[in-house]
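Line order of the protein sequences matches chains A and B. First residue of the first sequence: 29, per my numbering; consecutive thereafter. First residue of the second sequence: 4, per my numbering; consecutive thereafter. Ideal placement from N, C-alpha and C gives every residue a C-beta, glycine not left out. In what follows, a structure is listed as structure tokens, so that the remarks can point back to it.
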Amino acid sequence: MKNLILSILTLSLCTVVMAQEFDKSLASAKTAYNSGNLEDARFNLENALREVDVAIGKEIMKVLPTTLGALAYNVKDDNVSGMSASFAGLYVHRTYGTAQDKNANIDIVSDSPMMAGISAILSMPMIMNSGDGNQKVIKIQGYKTLLTKQADENGLVTGYDVQTPFGNSMLTLHYNGNISEAEITKLASSIPLEKIINVAQ
Amino acid sequence: MLKSKILITAIAVLSISIACSAQGVLGKLKQKAAQAGEKALEKKVQPKTGTGNNTGTPNQTTENPGDPSNKGGGGLVVTPPDVKQSMADAETAFKSANYSEARYAIKQAMLGVEMEIGQNVLKSLPEAVAGLKKDAEADQVTSMGAGWVGLTIHREYENGDKQLRMDIANNSAWMSSYNAYMANANYATTGGQQNWKQTKVKGYKGIIEYSDASGYKLSVPLGQSSLIVWEGVNFASEQDMMNAANAFDIDGIKKTLGEK
Chain A
29 MKNLILSILT LSLCTVVMAQ EFDKSLASAK TAYNSGNLED ARFNLENALR
79 EVDVAIGKEI MKVLPTTLGA LAYNVKDDNV SGMSASFAGL YVHRTYGTAQ
129 DKNANIDIVS DSPMMAGISA ILSMPMIMNS GDGNQKVIKI QGYKTLLTKQ
179 ADENGLVTGY DVQTPFGNSM LTLHYNGNIS EAEITKLASS IPLEKIINVA
229 Q
Chain B
4 MLKSKILITA IAVLSISIAC SAQGVLGKLK QKAAQAGEKA LEKKVQPKTG
54 TGNNTGTPNQ TTENPGDPSN KGGGGLVVTP PDVKQSMADA ETAFKSANYS
104 EARYAIKQAM LGVEMEIGQN VLKSLPEAVA GLKKDAEADQ VTSMGAGWVG
154 LTIHREYENG DKQLRMDIAN NSAWMSSYNA YMANANYATT GGQQNWKQTK
204 VKGYKGIIEY SDASGYKLSV PLGQSSLIVW EGVNFASEQD MMNAANAFDI
254 DGIKKTLGEK
């Protein structure tokens with residue numbers, strides 16, 4: 029409960045600071061554009077976009093689950109950033125659990141060029157369901173998802189990656205530890221995908 | 004003994020059913036491939052031989068004789084986004100916590116600004132280079148608003164079968180790694196037949212390449228995130244290509260792009 033209140037307070041404070049930064053960047057962009065300084069206008073617009081991405085990230089944080097199965101989230105690890113002019117736009121990161129051999133994290137990345145690769149894989153289920161059996165395409169809440177199993181040399185499962193692309197964004201659930209396919213699918217299904225997509229797009 | 008017999012029978016039945024199923028899938032795939040091949044052949048043959056329903060009547064298509072063909076719709080309105088309006092929209096959307104709309108509006112504003120930067124660069128380029136005139140129809144500015152692609156500007160010059168194509172990429176995320184590659188002189192030495200080498204255009208380091216099939220290609224990175232690429236077809240020599248590149252005001256382009 030304390031964690032939740034602390035988290036809400038932190039988010040509220042960040043929102044105020046973020047709004048100020050957005051206003052400042054947009055005002056600078058307007059001034060630069062009106063004076064014909066296009067490069068500065070673009071630079072300030074990129075900053076404003078970054079602030080918007082951070083705002084979207086904070087909204088996503090609000091709908092992300094605070095527990096994943098038996099794992100509680102780590103409030104201090106919550107991370108949201110906007111990298112509008114880089115390889116990715118919005119980046120949201122939340123971790124769950126503290127045990128070395130049993131933890132998970134959720135990452136949401138938007139505007140990433142990596143999306144094309146995963147989408148191509150998902151559109152070719154025949155390819156992905158063959159081979160060593162470590163990768164397969166499943167559906168989580170109706171969304172095509174790439175499930176990748178990690179195993180040690182003895183074949184013991186050491187973790188899973190669950191990657192769900194939507195639009196030009198991707199949600200990745202990474203689980204460290206021994207878990208069955210049914211359990212990881214259940215965990216992935218507990219993430220409110222629809223709500224996240226509504227906020228992110 | 005009975006158990007093992009049952010087990011062997013079960014394995015045999017299972018193997019046969021898997022084989023049948025695989026054959027079925029393969030058969031379907033073959034059938035689909037054959038159908039697609041036939042369709043592709045029909046399409047290739049029809050226009051050349053005049054067979055089928057494509058007799059040249061304007062209201063018929065090759066796909067379905069019943070479908071009307073398009074007689075023109077005026078094309079798309081390609082006016083760049085209004086930057087000031089987009090910025091105002093972004094402000095309103097952000098204040099009402101409609102972040103998705105704010106993001107869209109900011110991207111539109113960036114797109115508008117980048118299109119203006121691109122047009123300014125095109126205006127600053129010479130009308131003719133090394134006896135080649137610009138092909139105004141080929142001028143192109145492309146922008147993704149934001150992200151990893153950035154702004155690209157395209158210009159062509161030509162005279163007969165001699166052509167110079169110029170592409171400028173700006174504000175692209177992948178440019179930083181390309182620039183790092185270009186800045187490292189160790190990459191410039193290769194064994195065997197060398198079809199590329201480092202060079203300088205107006206003091207800017209670059210790489211010139213040659214292939215019999217495509218001609219000369221000269222790449223010069225600018226500042227932190229820009230790159231100019233010239234491609235010369237039917238240029239007489241490396242010097243001829245370098246003379247053409249030296250006709251451009253690279254400092255001016257760099258300044259217009261806002262590079263340091």
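- Under the three-state reduction of DSSP output, B:Phe97 falls in the helix class.
- For the 8 Å CB-CB criterion, A:Ile84 and B:Tyr102 form a contact.
- Not a single C-beta of chain A is nearer than 8 Å to the C-beta of B:Tyr213.
- Burial check for A:Asp105: the Cβ neighbour count within 10 Å stays below 16, so the residue is exposed.
- By the Cβ test, the stretch 221-229 of chain A is in contact with the stretch 91-101 of chain A, since at least three Cβ pairs between them sit closer than 8 Å.
- Using a Cβ-Cβ cut-off of 7 Å, A:Phe50 is close to Phe97 of chain B, given in chain order.
- Within the DSSP secondary-structure output, B:Pro224 pairs in a beta bridge with B:Leu230.
- Using beta-carbon distances, B:Lys126 does not count as an interface residue toward chain A, since no partner is under 8 Å.
- Under the Cβ distance rule, A:Glu222 does not count among the residues neighbouring chain B, no pair being separated by less than 8 Å.
- For B:Thr259, the enclosing alpha helix (DSSP H) covers residues Ile253 to Thr259.
- If you look at B:Tyr102, you'll find it in the alpha helix (DSSP H) that goes Tyr102 to Ser127.
- Per DSSP, the unbroken beta strand (DSSP E) holding A:Ala132 starts and ends at Lys130 to Ser138.
- Closest in C-alpha terms to A:Thr126, from the list A:Leu99, A:Glu74, A:Gln191 and A:Gly110, comes A:Leu99.
- Contact between B:Ile156 and B:Val124 holds, with the beta-carbon distance rounding to 5 Å and staying under 8 Å.
- Excluding residues up to 5 positions away in sequence, His121 and Thr200 lie with their Cβ nearer than 6 Å to the Cβ of A:Asp135 in the same chain.
- Chain A has a Cβ within less than 8 Å of the Cβ of B:Ala112.
- Going by C-alpha positions, B:Lys203 is about 20 Å away from B:Leu260.
- Within chain B, the residues placing a beta-carbon under 8 Å from that of A:Gln229 are Ser103, ordered along the chain.
- Chain A has a Cβ within less than 8 Å of the Cβ of B:Ile120.
- Counting along the chain, A:Ile84 sits inside the alpha helix (DSSP H) bounded by residues Leu66 to Val91.
- B:Val144 is outside the set of residues whose beta carbon lies under 8 Å from a beta carbon in chain A.
- Under the three-state reduction of DSSP output, B:Gln88 falls in the helix class.
- Around the Cβ of B:Lys98, a 10 Å sphere holds fewer than 16 other Cβ atoms; the residue is exposed.
- The closest CA to that of A:Tyr188, considering only A:Val227, A:Thr173 and A:Val82, is found on A:Thr173.
- Judged by beta-carbon spacing, B:Gly115 lies beyond the 8 Å limit of B:Val144, meaning their Cβ atoms are not closer than that value.
- In this structure, DSSP gives A:Phe194 an extended state, which the three-state scheme calls strand.
- B:Gly75 and B:Ala105 have their C-alpha atoms some 35 Å from each other.
- Residue burial is scored here from C-beta neighbours: B:Leu167 has at least 16 other C-beta atoms within 10 angstroms and is therefore classed as buried.
- Here the C-alpha atom of B:Lys220 lies approximately 8 Å from the C-alpha atom of B:Ile210.
- Taking the Cα positions, A:Phe50 is about 5 Å away from A:Ala76.
- The criterion of a C-beta distance shorter than 8 Å is satisfied by B:Glu262 and B:Gly226.
- It is roughly 11 Å from the alpha-carbon of B:Phe251 to the alpha-carbon of B:Met169.
- Nearest CB-CB separation between B:Gly261 and chain A: below the 8 Å threshold.
- From the beta-carbon of B:Ala248, no residue of chain A is found nearer than 7 Å; the closest lies around 24 Å away.
- When 8 Å is used as the limit between beta carbons, B:Glu117 is near these residues of chain A: Arg70, in chain order.
- Between A:Ala57 and A:Ala47, the C-beta gap is not smaller than 8 Å, which leaves the two residues out of contact.
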